[in-house]
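Input: a single structure, listed below in structure tokens.
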Amino acid sequence: MSDRLMPITDVCAATGYKKPTIYEWMRDGKFPRPVKIGRSVRWPSSEVDAWIKDKITSCPRSGQQ
Numbered sequence: 001m002s003d004r005l006m007p008i009t010d011v012c013a014a015t016g017y018k019k020p021t022i023y024e025w026m027r028d029g030k031f032p033r034p035v036k037i038g039r040s041v042r043w044p045s046s047e048v049d050a051w052i053k054d055k056i057t058s059c060p061r062s063g064q065q
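Okay, so the sequence shown: first residue is 1 according to full-length UniProt numbering, each after it adds one.
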């Protein structure tokens, strides 16, 4: 298994959003929940990548109807 576990700083860098937004979306069920490891939380990179891909494919592109 090559799925990397990402800390919140990497999640923010990958998505372009800040921590409060990510945590708010998690509470609202709009962003993947993290994996708890001890006192830390990490996100599987495959889930973050899938979320990003879903957002890209569900957004209308400029010039498209």
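Ideal Cβ placement from N, Cα and C applies to all residues, glycine included.
query                                                                                                 : result
Sufficient close CB pairs (3 or more, under 8 Å) joining the stretch 25 to 33 to the stretch 55 to 62 : no
Endpoints, the alpha helix (DSSP H) within which residue 36 is located                                : Per DSSP, residue 36 belongs to no alpha helix (DSSP H); it is in the beta strand (DSSP E), 35 to 37.
Check whether residue 42 and residue 48 have beta carbons under 8 Å apart                             : no
According to DSSP, residues forming a beta bridge with residue 43                                     : 6
Residue 61 in three-state terms, based on DSSP                                                        : coil
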